[in-house]
Amino acid sequence: MRLELSRTTAIATILALSGAFANSASAAESLQDVMKRRNLSEKDMLAAAKTYTPSGGRDEFLTFSSSGHAGSIIVYGIPSMRIYKYIAVFTPEPWQGYGFDDESKALLKAGSPQGQTINWGDTHHPNLSKTNGDYDGQWLFINDKSTPRIAVISLKDFETRQIVVNPVLTNEHGGAFVTNNTEYVMEASQLPSPLGHKYAPLDKFNDEFRGGITYWKFNKDAGKIEQENSFTLELPPYSQDLVSSGKGPSEDWAFLNSFCSERYVGGIESGKPPFEAGCSANDTDFMHIINWKKAEAVFKAGKFTKINGMAVIPLKTVIDEGLVYLVPEPKSPHGVDVSPDGKFVIVGGKLDSHGSVFDFAKMKAQIDAKKFVGKDAYGFPILDMKESLHTQVALGLGPLHNQYDSKPCVVYTSLYVDSQIVKWDYCQGKVLDKIAIQYNVGHLLTMGGDTMHPDGHYLVALNKLSIDRFNPVGPLHPQNHQLIDISGDKMELLYDLPIGLGEPHQAVAIRADKLKPTIRYKYGTDSRTEEESKFAVRPGSEKIVRTPGKVEVFGTVIRSHYNPEIVEAEEGDQVTFHWTNSERAEDETHGFAISQNDVNLSLEPGKTASATIEHAKAGVYPYYCTEFCSALHLEMEGYLMVRPKGSAIEKASTNVGTVYTKADFDKQYKACLDTQSVIDKVVAYITSTNFKDFPTAVGQVEDATDQLKFGTEARAKADDYAKKEDWQNATLWAGQWWQYQVKAADIGLRTKTYLEQNGARTVK
Amino acid sequence: MTELQKPSAAPFRLLTLAGMAILAAAFFSPIWWVSLKAPNYPPETFPDGVRIVFQFNGVKNGCQLRQSKEVEEDEPLDCVHEMNTINHYIGMHPIADGAKYEIAAAPYLFAGVGVMLLAFMFYSGPFWWLLALPAIFVPIGFVADYSGWLWYYGHTLSPMGAFTVKPFMPTVFGEGKVAQFSTYSYPDYGFGLLVVASFAVLLALLLRRKQLRQR
Chain S
1 MRLELSRTTA IATILALSGA FANSASAAES LQDVMKRRNL SEKDMLAAAK
51 TYTPSGGRDE FLTFSSSGHA GSIIVYGIPS MRIYKYIAVF TPEPWQGYGF
101 DDESKALLKA GSPQGQTINW GDTHHPNLSK TNGDYDGQWL FINDKSTPRI
151 AVISLKDFET RQIVVNPVLT NEHGGAFVTN NTEYVMEASQ LPSPLGHKYA
201 PLDKFNDEFR GGITYWKFNK DAGKIEQENS FTLELPPYSQ DLVSSGKGPS
251 EDWAFLNSFC SERYVGGIES GKPPFEAGCS ANDTDFMHII NWKKAEAVFK
301 AGKFTKINGM AVIPLKTVID EGLVYLVPEP KSPHGVDVSP DGKFVIVGGK
351 LDSHGSVFDF AKMKAQIDAK KFVGKDAYGF PILDMKESLH TQVALGLGPL
401 HNQYDSKPCV VYTSLYVDSQ IVKWDYCQGK VLDKIAIQYN VGHLLTMGGD
451 TMHPDGHYLV ALNKLSIDRF NPVGPLHPQN HQLIDISGDK MELLYDLPIG
501 LGEPHQAVAI RADKLKPTIR YKYGTDSRTE EESKFAVRPG SEKIVRTPGK
551 VEVFGTVIRS HYNPEIVEAE EGDQVTFHWT NSERAEDETH GFAISQNDVN
601 LSLEPGKTAS ATIEHAKAGV YPYYCTEFCS ALHLEMEGYL MVRPKGSAIE
651 KASTNVGTVY TKADFDKQYK ACLDTQSVID KVVAYITSTN FKDFPTAVGQ
701 VEDATDQLKF GTEARAKADD YAKKEDWQNA TLWAGQWWQY QVKAADIGLR
751 TKTYLEQNGA RTVK
Chain U
1001 MTELQKPSAA PFRLLTLAGM AILAAAFFSP IWWVSLKAPN YPPETFPDGV
1051 RIVFQFNGVK NGCQLRQSKE VEEDEPLDCV HEMNTINHYI GMHPIADGAK
1101 YEIAAAPYLF AGVGVMLLAF MFYSGPFWWL LALPAIFVPI GFVADYSGWL
1151 WYYGHTLSPM GAFTVKPFMP TVFGEGKVAQ FSTYSYPDYG FGLLVVASFA
1201 VLLALLLRRK QLRQR
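Those protein sequence lines, which keep their order, are chains S and U. Take the first sequence: its position 170, counted from the start at 1, is 170 in our numbering, and no numbers get skipped. Each number in our numbering comes from the position in the second sequence (counting from 1) with 1000 added on.
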């Protein structure tokens, strides 16, 4: 009734307003009018139609983009280019409670070297877990370049599950790339250092400084990297760069780029030319061809030394066992990308204007025949470059990265200097098309572009500079991700997405239907470990445990209250809150923030999270819910009362707030009974249909049943107090019963509408 | 011939004076400009490209403060600095290395040219005409020196440069292409002043010759 009224009022207001502006607000605009007003061309309209996703619509692909030194992952959809989420990885992020609850603090600490907590990371290359060379939609990995680390993210809940610190490397770029069946996550060093976080003077660069590639063993079922089953290959002190796993025929191999094989050490302050000059002097650097399958056997045979707890296969063993071969590649290359069939490896020249297509079979033949043109300074065998190449194609200036199309032999390469994407045929060695992008593209992304079966269709240029492409927002500019349609012969630019957080490097995109995330946790889950939290409690068994110097709260949250709501502590106590969200309804997340403390929890349905205040200071600390959870969200509150040391708990006096009488109780009780009759009618309708055929409806009915169960419990308490003629408590509990009823009714009505709209049938 | 019939020295002196004034103005004027354009210097935002201007008193920034209602900018992009940054990728000398002796000597050379012109106005002894020649040859001298330096820049690329580019002669006049950059090199109004001054002094020289012959 009230809703009807307010709607009528609103319409009347709109009519009155439109009367006042009769000239401008005539009939609805036509498409042509809008095009004219917004200065849109036919081409713009086509691009809009290809990207626009109507309200409630879904994207075909989900992209996981690094956010560079913002230390997180950005999730957005294709083709809509709508941002869905930022997944906190190396950097605390309060919305997700990440780095603000005890559980994630422990995760960040375990993922930092030497007992400190590093609260940021330079994320570069997100990679999805693969089964038989294709994405399986289970796990996501990302590296930290600054402090070599790998993070594991679960695609069940889009949360970081583990961070491992590389105990031997001090700088890396070649992570986090996976082998064809995610047996290992690869992490290759960049700036050489003595292995094991040790010191050596720079004049011993050639002898003491080393590169390395770590093979982190991944347990796919547990979703855990196992350091005890991981190993590192010691490599020469070149600046190793990106790495790519072989596929199909080359599955047991990996291909690792390098630059600065000059082993130049700069020192501009003492008059030496800088690194940038000395590191780009030679015409070629070395691509490392790694037989990781053989390396695994060598590791398992125990031919390694332990450095800082990491199994390292020494340089000499790496050479003697034939684990790594070198082949010259155009100098200072960047991208190294294996073709979907695993037969070719394309290297982007960066400082060379060619794309170099290496033929795996040709390289393998030289290795098998032990036909080498020489050895590097450390004794690594070098293959003949010419004999290893399938072809080299002049692409343009600054070719960086390569991504594959679903069409055979078609690859796309980013041209950083030319600000272009080039589409070319790597079998025939010819350029097919070029498109300008704005500006200076780094990585590029095709759908499933690094798998054995790319999906084609779209490409995203991850541009480093946006300069003048967006509304100005100050000196720090967003980067520009440009969506390009690659389904036709000519590439077509569709859409610009400003990236408002961080400096993305690589991104990966997976078909949305390959993902199936959960919407709620199993009751009492520690989301950071995905295990049952030992701190979880059920409604009704909440407790406050006091030991000398410690107050530990085991509570629950639901729309819209905390239980307990008042917590007493003494100055100096360590106060810990463990909250479990007892909601089962989708999207009913609650928060927990407490005044003057560095605490914010995100409590998704079913989750248990904790916050510890080490030495409570005397005072009154209100706490409240930070997620707008319901109409009574603002009332979702509580107090931590920290009384000065030595003072006694004062007994709560009765003259607090409103006093309720029998009349109040009767009124509330009647309202409850009226509401119940509405609920009964809705329930009767739902159960008269085939609602069980609709998973959405079934889920909602479960939620509503939950609410009604809570309601029944509250009603029992109200009845109990009424019997004792305690009208104060009887009224309050009747009120609580009504709260649950309203929620149940709301869900029930939504279900009813859903069933009606989706053509549910009446059944007996 | 009587004194009164002698041809007047006034026209040639006036012309010489004008030439001197114009030369003095040219000293402070842009003589030649060079601009680079590339995809990441979009014309809407960089209407001048990356532009530098050559003057006798140094190499100056040729980029203007952009007129935009959208952003607040209180200084124009320093395109001398920007050009140096771009050039270092191919190992090219910084702009400040070029013509530094010429630039240092320029005030004295110009003063010298001025003094010679002054003398030219009154001296009529042997080789009087030599005093006017430097002023006449300033424009040619500039182009010769400028071209020489461009050749030097294009042919002394440091092997430490990240991008290897074959030695090349940068365009003196007109448009060219180096890597992703389109280059533009054209005379500015200061060069026009030099040419006008040159012609003025040349004309003065001819007038003076006529006058002296008639004397």
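For glycine and all other residues, C-beta sits at the position ideal for the given N, C-alpha and C.
- An exposed status is given to phenylalanine 1173 of chain U, since fewer than 16 other beta-carbon atoms sit within 10 Å of its beta-carbon.
- DSSP places histidine 443 of chain S in the uninterrupted beta strand (DSSP E) bounded by 441-447.
- As far as DSSP is concerned, valine 1165 of chain U takes part in no beta bridge.
- Counting only residues of its own chain and dropping the five nearest sequence neighbours on each side, valine 165 of chain S has a CB closer than 8 Å to the CB of Gly111, Ser112, Pro113, Thr147, Pro148 and Arg149.
- Valine 1196 of chain U and glycine 1019 of chain U have their C-alpha atoms spaced approximately 8 Å apart.
- With fewer than 16 other beta carbons inside 10 angstroms of its own, aspartate 283 of chain S counts as exposed.
- The Cβ of alanine 277 of chain S sits closer than 7 Å to at least one Cβ of chain U.
- A residue is called buried when at least 16 other Cβ atoms come within 10 angstroms of its Cβ; serine 339 of chain S meets this threshold and is buried.
- For tyrosine 439 of chain S, the chain U residues whose Cβ falls inside 8 Å of its Cβ are Pro1039, Asn1040 and Pro1042, in order along the chain.
- For serine 414 of chain S, no Cβ of chain U is located within less than 7 Å of the residue's own Cβ.
- Apart from sequence neighbours up to five positions away, the residues of its chain that approach leucine 497 of chain S with a beta-carbon distance below 6 Å are Met81 and His481, ordered along the chain.
- Those residues of the segment 1044-1067 of chain U placed with their C-beta closer than 7 Å to a C-beta in chain S are Glu1044 and Thr1045, ordered along the chain.
- Nearest Cα to aspartate 693 of chain S within the set S/Asn758, S/Thr705 and S/Lys423: S/Asn758.
- Within chain S, the residues Ala281 have their CB atoms less than 8 Å from the CB of proline 1159 of chain U, given in chain order.
- Within chain S, the residues Leu351 have their CB atoms less than 7 Å from the CB of phenylalanine 1163 of chain U, given in chain order.
- Take the alpha-carbon of isoleucine 73 of chain S and the one of aspartate 341 of chain S: they are about 29 Å apart.
- C-alpha of arginine 538 of chain S to C-alpha of serine 647 of chain S: approximately 33 Å in a straight line.
- Not a single CB atom of chain U sits nearer than 7 Å to the CB of proline 314 of chain S.
- For tyrosine 1184 of chain U, the enclosing beta strand (DSSP E) stretches over residues 1181-1187.
- Per DSSP, proline 399 of chain S lies in no alpha helix (DSSP H); the unbroken beta strand (DSSP E) holding it starts and ends at 399-404.
- Between leucine 169 of chain S and glycine 212 of chain S the beta-carbon gap is near 6 Å, inside 8 Å, which marks them as a contact.
- The Cβ neighbour count for histidine 1155 of chain U, taken over all protein chains shown within 10 Å, is under 16; the residue is labelled exposed.
- Close partners of alanine 1179 of chain U in chain S (Cβ separation under 8 Å): Leu397 and Val417.
- Closer than 7 Å to the CB of glutamate 1070 of chain U there is at least one CB belonging to chain S.
- Of all residues in the segment 451-468 of chain S, those with a C-beta nearer than 8 Å to a C-beta of chain U are Leu465, Ile467 and Asp468, reading in chain order.
- Judged by their CB atoms, valine 327 of chain S and methionine 287 of chain S are nearer to each other than the 7 Å cut-off.
- At a cut-off of 7 Å between beta carbons, proline 273 of chain S contacts chain U.
- The closest CA to that of lysine 1060 of chain U, considering only U/Ile1052, U/Met1160 and U/Lys1037, is found on U/Ile1052.
- Three or more Cβ pairs closer than 8 Å define a contact, and the segment 178-198 of chain S meets that threshold against the segment 213-222 of chain S.
- In the three-state reduction of the DSSP assignment, arginine 559 of chain S falls in the coil class, being assigned neither a helical nor a strand state.
- Proline 472 of chain S belongs to the set of residues whose beta carbon lies under 7 Å from a beta carbon in chain U.
- Contact between serine 239 of chain S and proline 167 of chain S is ruled out by a C-beta separation of about 20 Å, above the 8 Å threshold.
- Between serine 1158 of chain U and the set S/Asp122, S/Pro274, S/Ser66 and S/Ser30, the nearest pair of CA atoms involves S/Pro274.
- Residue range 479-485 is occupied by the beta strand (DSSP E) that includes histidine 481 of chain S.
- Scanning the segment 588-642 of chain S for uninterrupted beta strand (DSSP E) segments of 3 residues or longer gives 590-594, 600-603, 608-613 and 619-624, listed from N- to C-terminal end.
- Membership of phenylalanine 231 of chain S in the beta strand (DSSP E) is indicated by the continuous run 224-235.
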